[in-house]
Each structure stands twice: as structure tokens, then as C-alpha cells.
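In the numbering used here, the protein residues as written are 952 to 1018. The C-beta atom is built at its ideal place from N, Cα and C for all residues, glycine as well. The model shown is predicted, which means the values in this text are computed figures rather than measured ones. Below is one structure; the comments refer to it alone.
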């Protein structure tokens, strides 16, 4: 039997939504091991002077705590 835990993280990027997701998973992986999936629950952008300046994602990240 496996036991999993879900945490919520918010990540941002000045490049794209994909980059925000990748950076969020990479940063979470520094302190959380056995990440198995992530659900991008919400995404939004910050606009400066009429152009997108930041992409943000709100993710639920799942990892295994016991196998």
C-alpha cells in the first residue's frame, strides 16, 4: 500500500506557463522527494504596460510518503 500527500504551491516565470510549472516542480523537488504528479489548478498573468510580464501557476503536487 502506498501513502501519498498533496501540497499546494504557487510558481511564477518571466517566460511562460510551462516554465512556471517546471520551475515550481524543480523547486519543490529540492525539499520533497518522490513527486509523482502535479495538477495545475489555476493560472494567471501579470500585465505591465500592455504586455505579459509574468506567468503564474497554482499547482497541487502529489508525492509518495510511504510505499
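A residue is called buried once 16 or more other Cβ atoms fall within 10 Å of its Cβ, and residue 1010 is buried on that count. When beta bridges are read from the DSSP output, residue 991 appears opposite 1010. At least 8 Å separates the beta-carbon of residue 981 from that of residue 1014. Taking residue 1008 as reference, the option from 975, 955 and 956 with the minimal CA-CA separation is 975. Around residue 990, the same chain offers 1011 as residues with beta carbons nearer than 6 Å, after the five sequence neighbours per side are excluded. Bounds of the alpha helix (DSSP H) holding residue 973 are 968–979.
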